[in-house]
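Novice: Once you've had a glance at the structure underneath, I'll fire off some questions.
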């Protein structure tokens, strides 16, 4: 039998992490794998590099979208891998956009993507925050005017690479409803899509996401 002092020390060691570990507001989102977002964006004439630095020249195109995302549970083998190695959640998503052109024409767009989302941030007890980056494909019914005007090398394409970067903010007491900021990027990915070497567009927008 172990001495009572040793038993007491073991009990303290086992319970201490539970006392010092701060609850994370976003942990409850694991119980709601589905989410829906309504989005409004504005397209930029500048490149992605300038867009992420907030260099802006409005292209006259407004984008309205609806996004549906599913999060793979961290209790599954696939989800556990990203949780343990990258502290992230793996997601798959689809987005439908209506792109209002300066000429009055509406162009439908569909994007399918996968993403990694980081939820466990140290300030989530103040503002529940997440960051995400995603990669996939985007197809439009017609090439948007901004992509025609900004393509200097090569041609354009209806099917292009899709990349997105996103941040969300929510109340810690109600993390299911999030304010979303997203960059929506289409590009030829340096010639992976035929002649569309430098074709693409960048849209910056705001949205509201609800976790079902």
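Residue numbers (the working numbering): 23 to 234. Here a beta-carbon is modelled for each residue, glycine too, at the ideal position from N, C-alpha and C.
1) With 16 other CB atoms within 10 Å as the buried threshold, where does residue 206 fall?
2) Check whether the Cβ atoms of residue 116 and residue 133 lie closer than 8 Å to each other.
3) Can you tell me whether residue 202 is buried or exposed? The criterion is at least 16 other CB atoms within 10 Å of its CB, across all chains shown.
4) Mapping the DSSP letters down to three states, classify residue 218 as helix, strand or coil.
5) Specify the secondary structure class of residue 46 as computed by DSSP and reduced to three states.
6) Who are the near neighbours of residue 100 in its chain, counting only those whose CB is closer than 8 Å to its CB and skipping five residues on each side?
7) So does residue 188 have its beta carbon nearer than 7 Å to some heavy atom of the ligand FMN?
8) Give, in chain order, every unbroken run of the beta strand (DSSP E) that is at least 3 residues long and sits entirely within the region 158-224.
9) Suppose you measure from the CA of residue 45 to the CA of residue 124; what does that come to, to the nearest Å?
10) If the criterion is Cβ atoms closer than 8 Å, does the pair residue 58 and residue 234 meet it?
11) Return helix, strand or coil for residue 38, following the three-state DSSP convention.
12) Use the C-beta contact count for residue 165: other C-beta atoms within 10 angstroms, 16 or more gives buried, fewer gives exposed.
13) Nearest CA to the CA of residue 65: which residue from 51, 81 and 56?
14) Looking at the unbroken alpha helix (DSSP H) that takes in residue 72, where does it start and where does it end?
15) By Cβ distance below 8 Å, which residues in the same chain neighbour residue 40 in space, the five residues on each side in sequence not counted?
16) So, using beta-carbon positions, are residue 182 and residue 222 closer together than 8 Å?
17) Could you pull out every residue in the same chain whose Cβ sits closer than 7 Å to the Cβ of residue 245, ignoring the five residues on either side in sequence?
18) Under DSSP, the beta strand (DSSP E) around residue 66 begins and ends at which residues?
19) Take residue 168 and list the residues in its own chain whose beta-carbon comes closer than 6 Å to its own, dropping the five residues that flank it on each side.
20) Per DSSP, residue 230 is paired with what?
21) Going along the chain, which unbroken runs of the alpha helix (DSSP H) with 4 or more residues stay wholly within the region 120-162?
Specialist: Once the coordinates are examined:
1) buried
2) yes
3) buried
4) coil
5) coil
6) 94 and 112
7) Absence of the ligand FMN from the depicted structure is noted, as is the absence of any ligand whatsoever, leaving it without description.
8) 181-193 and 196-209
9) 48 Å
10) yes
11) Below a pLDDT of 50, predicted positions are generally treated as unreliable, and residue 38, at 40, falls in that range; the measurement from the model is reported next regardless. In this structure, residue 38 counts as helix in the three-state DSSP scheme.
12) buried
13) 81
14) 70-73
15) Low confidence applies to residue 40: its pLDDT is 41, below 50, so where it sits in the model is not reliable enough to give any reading.
16) yes
17) The structure shown does not extend to residue 245, since the chain spans only 23 to 234, so no value can be given for it.
18) 56-66
19) 65, 81, 83 and 223
20) 60 and 201
21) none
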